[in-house]
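Chemist: Per my numbering, numbering of the sequence shown is gapless, rising by one per residue and ending at 212.
In this text, a Cβ means the ideal position worked out from N, Cα and C, and glycines have one as well.
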Amino acid sequence: MIVCVCKNLNESDIQKKFLEEYKNFDEVMREWGIGGECKVCLATIKSTYESIKGV
């Protein structure tokens with residue numbers, strides 16, 4: 158499932174970053190360059206991250 162159309166990221170990209178590389182949410186957003194211009198994707202990625210982490 159595509160999570161961020163702006164950066165062409167899917168759910169497995171997000172799982173890889175957070176589960177294999179153990180990055181925190183803010184680190185990954187900086188690395189991918191996702192900021193204020195991308196509110197919808199940011200919210201979707203955050204909810205995906207929270208479901209992966211079981212928050």
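Would Leu199 and Ile209 qualify as a contact pair, given that the criterion is a beta-carbon distance under 8 Å?
Modeler: Along the sequence shown, read from residue 1 onward, the residue named residue 199 stands at position 42. Along the sequence shown, read from residue 1 onward, the residue named residue 209 stands at position 52. No, the Cβ-Cβ distance between Leu199 and Ile209 is not below 8 Å.
Chemist: Helix or strand or just coil, what does DSSP make of Cys163?
Modeler: Looking up residue 163 in the sequence shown gives position 6. The answer is coil: DSSP assigns Cys163 none of H, G, I, E or B.
Chemist: What's the C-alpha gap between Glu184 and Phe175?
Modeler: Here residue 184 is taken as the residue at index 27 of the sequence shown, counted from 1. Here residue 175 is taken as the residue at index 18 of the sequence shown, counted from 1. Taking the straight line joining both Cα atoms gives about 10 Å.
Chemist: Sort Ile171, Glu178, Trp189 by Cα distance to Ser204 and report the nearest one.
Modeler: Within the sequence shown, numbered from 1, the residue matching residue 204 stands at position 47. Taking only the C-alpha atoms, the option nearest Ser204 is Ile171.
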